[in-house]
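Numbered by our numbering, the letters in the sequence shown go through residues 2 to 476 in order.
Glycine is no exception: its CB is placed at the ideal position from the N, C-alpha and C atoms.
In this text the structure is predicted, and so the values were computed from the model without any measurement.
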Amino acid sequence: RVTTAAKWTAAVILLIVLTPFASQQIQSALFPQLERPGAAFYRPVFAPVEATKSMADGTDGALQSNRTSAVFAKEEKALIKRNGYDADNLKADPKAVIQTGPGVPTWSWRRVDFSWDGPVTAAQQVRPVLIPPFLTRLLSVGRVLCLVLLAACLLKRKSCPRQSNPDTPAPPAPNTVPAAAAIVALSLSFWAVPPSAQAQFPDQALLEELRERLTQASDAFPGAANLEAARLELRDQTFSLEITYHAADRCAAPVPVALTAMVPRQVTLGEGSNPATVLRREDQLWVLLPGGGIHRVRIEGRMQDLTEWEWSFPLKPHRLAIEAEGWTSSGLRPDGGAEDQILFTRARREETAETAASYDRPDTRHALLVEREIELGLVWRVRTSVRRLSPSGRSTALRVPLLPGEKVVSTGRSVEGGSIEVRLAPDAVESNWEGEMTPVNELNLASRDSDTWTEQWRLLASPVWNVTFAGLNPA
């Protein structure tokens with residue numbers, strides 16, 4: 002009796018373990034998209050998310066471990082670059098003969114990463130062998146069938162040997178067909194039952210809710226306006242600003258007027274001289290657009306007596322044109338687009354005692370530091386940063402000349418005439434970019450003659466380069 006009880010207890014435990022495993026394997030065979038990547042190995046370190054969260058939140062939680070590791074790798078690489086060098090660029094000479102050893106891959110669900118430590122020629126090939134999806138499905142079904150056969154063998158009844166008695170008739174042979182048929186029927190029932198509750202997730206109600214979120218209008222609609230184009234003309238102490246709005250319905254649109262430098266006198270709407278309805282709220286002008294369509298607004302006024310001023314956009318125009326006589330502007334891209342701020346500086350002119358006393362000229366210069374980091378490795382790289390040393394609160398713009406042969410590889414930079422345009426917002430402290438150079442036998446570095454900014458150089462050389470200095474040694 003004890004043996005029989007232990008046998009059936011083990012059989013029940015086997016069925017308990019077999020049922021979820023078989024369900025998961027059959028689910029993977031029927032619905033591969035419901036496969037849970039690394040659910041048994043990757044767990045988030047933060048508090049569990051409630052079940053009422055959206056499907057997007059659940060997906061983010063499932064992939065948190067992979068994303069966290071990727072973020073750590075990016076932060077480590079960025080830290081190395083901030084410290085002033087790139088280990089991969091300064092590692093080895095590609096022409097050197099170094100024993101590299103085999104590349105051992107690491108497996109992570111659907112991604113396989115492998116790498117080598119040392120030079121790799123372009124002629125070397127990597128040929129991965131991948132199991133096709135249909136073979137993966139067959140293996141999933143085969144695992145379930147093998148476990149079902151194992152359970153049938155364990156549950157097969159075996160009669161114990163007894164002493165033969167000639168007077169006692171022999172018992173009939175045990176019939177194992179019903180038990181095996183029951184196990185096979187149990188295994189086949191997994192095909193009719195949904196593999197997992199995840200097969201019904203997301204349900205139709207959640208799909209409808211997600212569709213409504215994607216198709217619902219913005220909070221600004223229908224009172225949404227778009228600033229299509231703007232044109233600014235500066236003449237002496239006056240300005241003229243023409244703006245073209247595209248509106249979906251009757252609404253109020255912000256007017257890009259810097260009230261600290263511009264004093265509007267007249268605001269008209271349309272081609273004629275119809276006065277527009279203007280509202281000033283929190284140092285911002287708003288104009289009323291009477292309905293949907295295209296509206297043209299014209300603003301005229303005078304300029305304040307300033308040597309420089311900043312023009313920002315609460316609603317950035319798609320196309321901007323500037324015609325400023327006696328002013329220099331910075332922040333207008335060659336394609337007609339505008340940066341977040343446009344900085345205007347009055348051109349220097351000869352002053353008399355009368356003009357000098359007519360207004361206050363705060364000609365205070367910004368203290369700036371330009372740091373150039375030259376890295377001589379497998380690839381010659383130049384990292385340049387412009388840092389503000391004076392107190393923040395005012396925008397500044399300058400053109401920094403590039404080194405001989407330097408090509409800027411950072412995106413979003415405007416290069417013209419061998420110089421790069423740099424703009425620092427009032428709250429910005431530093432701006433940096435990266436460039437590459439063609440290796441040369443001699444590199445001449447010269448500082449500027451003017452005192453517009455202070456320049457500092459730093460040189461990092463790989464052991465594959467022999468560097469000798471003449472003149473001032475870099476830091």
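Query	Result
Glu213 - containing alpha helix (DSSP H), residue span	205 to 216
Residues near Ile300 in its chain [Cβ-Cβ closer than 6 Å; skip 5 each side]	Leu242, Pro265, Val268
C-beta contact flag for Ser331 and Val387 at 8 Å	no
Segments of 3+ residues assigned as beta strand (DSSP E) that fall wholly inside the region 263 to 310	263 to 270, 279 to 281, 286 to 290, 294 to 304
Integer Cβ distance of Asn90 from Arg382, believed to fall under 8 Å	7 Å
Element boundaries [beta strand (DSSP E), containing Ala231]	226 to 236
Contacting residues, own chain, Cβ-Cβ under 6 Å from Trp312 (five flanking each side not counted)	Ala259, Ile343
Exposed unless 16 or more other CB atoms sit within 10 angstroms - verdict on Gln28	buried
Beta bridge counterpart(s) of Lys408 as assigned by DSSP	Glu437
Phe32: first and last residue of the uninterrupted beta strand (DSSP E) it sits in	First-last for Phe32: undefined, no H or E at that position.
7 Å CB neighbourhood of Ala358 in its chain, flanking five on each side removed	Any reading at Ala358 is ruled out, since the residue's pLDDT is 48, under 50, leaving its predicted position unreliable.
For Asn442, the three-state DSSP class (helix, strand or coil)	coil
Contact between the region 231 to 239 and the region 318 to 328 (3+ Cβ pairs under 8 Å)	yes
C-alpha distance - Phe345 paired with Glu417, whole-angstrom precision	19 Å
Thr5 to Leu19 span [Cα, whole Å]	21 Å
Nonlocal neighbours in the same chain, by C-beta distance under 8 Å from Leu424, ignoring five residues either side	In the sequence under discussion, the amino acid at residue 424 is Arg, which differs from the Leu named in the question. Answer for Arg424: Ser331, Gly332, Glu340, Gln342, Leu344, Ser396, Thr397, Ala398, Ser432, listed in chain order.
Distance between beta carbons of Ile375 and Trp458, contact taken as under 8 Å	7 Å
Boundaries of the beta strand (DSSP E) in which Thr501 is found, first to last residue	The displayed coordinates of the chain run from 2 to 476. Any statement about residue 501 would go beyond what the structure contains.
Option in Leu403, Val298, Arg303, Glu213 with minimal Cα separation from Asp237	Arg303
For Ala226 and Leu290, believed in contact at Cβ under 8 Å, the rounded distance	6 Å
Straight-line Cα distance separating Ser411 from Ala429	18 Å
Sheet register partners of Pro402 (DSSP bridge)	Ser420
Through-space distance from Asp336 to Glu229, alpha-carbon basis	14 Å
As assigned by DSSP and simplified to three states, the class of Ala152	helix
Own chain partners of Arg144 with C-beta closer than 7 Å, once the 5 adjacent residues on each side are dropped	Gln26
Three-state secondary structure (DSSP) of Thr397	strand
8 Å Cβ shell around Leu148 - same chain, five flanking residues per side excluded	Leu19, Phe22, Ala23
Cβ neighbour criterion (16 or more within 10 Å) applied to Arg334	exposed
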